[in-house]
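Letter 68 of the sequence shown, counting from 1, is numbered 75 in the numbering used here, and no numbers are missing. Note that CB positions come from ideal geometry on N, CA and C, so glycine has one too. Since we're looking at a predicted model, the values are computed, not measured. First up is the structure itself, then whatever we jot down about it.
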Amino acid sequence: MAKEIPSVGDLRRKSEVTDDEIQAAADAFLKDEGAKPFAFKSGHRIDVGKAIDMHPQAKMLLADKATTPGLRRTMVMTAVIMGFPVEG
8 MAKEIPSVGD LRRKSEVTDD EIQAAADAFL KDEGAKPFAF KSGHRIDVGK AIDMHPQAKM
68 LLADKATTPG LRRTMVMTAV IMGFPVEG
């Protein structure tokens, strides 16, 4: 049986990733959309841009220049939480 890949949300529930780290990953992307993958203290990394590409609603709203800053932050954080990090 294949090993299931945990989402960032799964890692958060296990206390392997903190809310502060999720916010920091979102902040880094919002500051620079070309930022390199965010590294969590647990050793996991997430490419926030790829996580957004995998989340259709986040991708759509972030492409819309009329989307408010608060909604942009919410959508980036949602994409991070639902995203699948890699180890190492």
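Based on the DSSP secondary-structure assignment, which residues constitute the bridge partners of residue i?
i, result
"Phe45", "Ile53"
"Glu94", "His51"
When we look at the beta-carbon of residue i and count the other beta-carbons within 10 Å, is it buried (16 or more) or exposed?
i, result
"Met82", "buried"
"Asp54", "buried"
"Ile12", "exposed"
"Val24", "buried"
"Ala70", "exposed"
"Thr75", "exposed"
"Val93", "exposed"
"Met84", "buried"
"Gly90", "buried"
"Ala32", "buried"
Pick helix, strand or coil for residue i, following the three-state DSSP scheme.
i, result
"Val24", "coil"
"Val39", "Note that residue 39 is Asp in the sequence shown here, rather than Val. Correct three-state label for Asp39: coil."
"Ile88", "helix"
"Lys72", "coil"
Thinking residue i and residue j are a contact (beta carbons under 8 Å), I'd like their distance in whole angstroms, please.
i, j, result
"His51", "Leu18", "6 Å"
"Glu40", "Gly56", "7 Å"
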